[in-house]
Each structure stands twice: as C-alpha cells, then as structure tokens.
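Here the structure is laid out as structure tokens; the discussion comes afterwards.
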Amino acid sequence: CNIGALDAPEYFGCSPENATNVGGNNITTADTEQLVLRIVFDNRPKEQGFVLTSADDGSIVHYQPIGSFNQTSAVSFEHTFDIDPNSVYKFVYLDEGGDGFRKKGGSDSDTTSPGFNLYRNEEVLASSGAGQYFLFSDHTLDFSTKDNTHP
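Positions -19 to 131 (this note's numbering) are the ones given, in order, by the sequence shown.
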C-alpha cells in the first residue's frame, strides 16, 4: 500500500494517513520558485490524479484525488505550485486504471498526444505520455542539490 514514500490514497484500499490535505500548503519562505504541471487528458480523465509532497517532512503541498477531473478527452489542465528551492519534493502521478495515457479514442495510433509534464523554469522535470502504463509514476525532485531524479 505504498506509493513511493507515500501511503496510497483511500480509494486504493489503503491507509489515507498522508492524503488528507487536498487544499495544499502555503510555502512561507521568501525565496520561492514555481513548478508548473501541464496535463493533456486522454479519454479517461476521472482515472487520473496526483500528489506533490515535501520529502523533507512529508507534508502535502497539493493533492488532486482520482475522480476529481471531469474534463472530457484531450482537454488540458495546468496548475502552478510555489516551492522552496532548497527542499526535496515527491511528485506522484496516479492512474487508477493502470493503463497510463492513451491516445484519444483509446488507440495509440491516433494523433492527439495526452500526457503530463512538470516544469521548473520551462525545464521538464517529470513527464509521461501515451504508451507508458502505470498505476503511479513516482518522481523525486531534489532542489537542495539541483539534481532531480526521474525514475
């Protein structure tokens, strides 16, 4: 029942201990930077969700539960996070169906390109697209060393 360093959300049938703060934490450090998450949904956006946590203390920066996206196929979503540039974060993208992002219509031969990209200063730190299948995609973002890990 573990998603990387996190307990899986309740809808996975596991303990929701770390999945209680949906609204997000405010970073109080004067020196902040921004992460931008951009998603282009496939034809099953309700299967998708994500969580961004501080790996330093386990606090949830933002949690978007599976089932909360109601957009139709190929509609995009963008969210900006204020982060402490001297911290380590865990970004986990969730896909309840485990089928990853599918091309519009459910076929990998279609032309629409669903997926997600997580940016810092327009540099892609984490991403996934059509043809990559997962229940979760786990990424450690270590800004304290300016080195990011992309499993």
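All residues carry an ideal CB built from backbone N, CA and C; glycine is no exception.
Contact between Gln14 and Thr60 holds: CB atoms are separated by about 5 Å, below the 8 Å threshold. The secondary-structure analysis by DSSP pairs Thr12 with nothing; it has no beta-bridge partner. Here Glu76 carries a coil assignment [DSSP, helix/strand/coil]. Nearest neighbour of Phe21 by Cα position, chosen from Arg82, Val72, Asp62, Lys70, turns out to be Arg82. When secondary structure is reduced to three states using DSSP, Glu58 falls in the strand class. Taking a contact as a CB-CB distance under 8 Å, the pair Ser117 and Val72 counts as one, their CB atoms being some 7 Å apart. In this structure, Leu17 keeps its C-beta atom at 9 Å or more from the C-beta atom of Phe123.
Glu27 sits in a helix when the DSSP states are folded into three classes.
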